[in-house]
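Data first, discussion second: the structure below is written as structure tokens.
Residue numbers (the numbering used here): -5 to 175.
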């Protein structure tokens, strides 16, 4: 598994999700480490220049609230916001960030019953999509004598899965907003 465990200490001692403490929030060094590992694995960025990061709103709040050099800055301070997409919170450290409540969360996954959150950073070849039967809309026969009802269905055989494991990294951390007890 390509997993980095956030650690509030300089020693980076956390080796498992169960080691996470409430203070182990996502930090810039975690993101920089994941990006460096993606580059080292020759993982191509999604659009040729940027990786994509999926981040839980609680983790995003902590990450954006960090202070000091090498931390998050509001996108409007440094880049043109015209290209920000719905749900996208901006770009930092070569990663285009998208907030989603569907990011991984493990209730009571950390030490002492704190919640653990997964932040996923992916490159272009992380996922693959296979289409067995293309998407289509199927319209059935009329089902009543007054010709009022027709079944309509969507159909397709599509599958998704990991293509290249080294094109994806997950950072597991706590959040100050989580139900950490």
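All C-beta atoms in this analysis are idealised placements derived from N, C-alpha and C, irrespective of residue type, glycine included. A quick note: this is a predicted structure, and the numbers were derived from the prediction, not measured.
Rounded to whole angstroms, the Cβ separation of residue 47 and residue 90 is 7 Å, and the two are in contact under 8 Å.
In this structure, residue 49 keeps its C-beta atom at 7 Å or more from the C-beta atom of residue 167. Cβ atoms of residue 108 and residue 172 come within 8 Å of each other, at about 6 Å. Non-local C-beta neighbours of residue 38 in its own chain, meaning closer than 6 Å and more than five positions away in sequence, comprise 117 and 118, ordered along the chain. Closest option to residue 113, judged by alpha-carbon separation, among 44, 13 and 52: 52. Put simply, the backbone Cα of residue 110 is about 47 Å away from that of residue 144. Of all C-beta pairs linking the region 100 to 107 to the region 137 to 155, fewer than three are shorter than 8 Å, placing the two stretches out of contact. Rounded to the nearest whole angstrom, the CA to CA distance from residue 169 to residue 35 is 29 Å. Under the DSSP assignment, residue 93 falls in the beta strand (DSSP E) whose first and last residues are 89 to 93. Bounds of the alpha helix (DSSP H) holding residue 51 are 51 to 59. Sequence-distant Cβ neighbours of residue 2 in its own chain, meaning closer than 6 Å and more than five residues away, are 17 and 18. The beta-bridge partner set that DSSP reports for residue 153 consists of 124. Residue 125 counts as exposed, since fewer than 16 other C-beta atoms from the protein chains shown sit within 10 angstroms of its C-beta. When the beta-carbon positions are compared, residue 29 and residue 97 stay at least 7 Å from each other. In this structure, residue 148 and residue 133 do not form a Cβ contact; the two beta carbons are roughly 11 Å apart against a cut-off of 8 Å. DSSP places residue 110 inside the beta strand (DSSP E), whose first and last residues are 110 to 116.
When the five nearest sequence neighbours on each side are left out, the beta carbons in the same chain lying within less than 6 Å of the beta carbon of residue 25 are those of 87, in order along the chain.
Around the Cβ of residue 45, a 10 Å sphere holds 16 or more other Cβ atoms; the residue is buried. A Cβ-Cβ separation of about 6 Å places residue 165 in contact with residue 0 under the 8 Å criterion.
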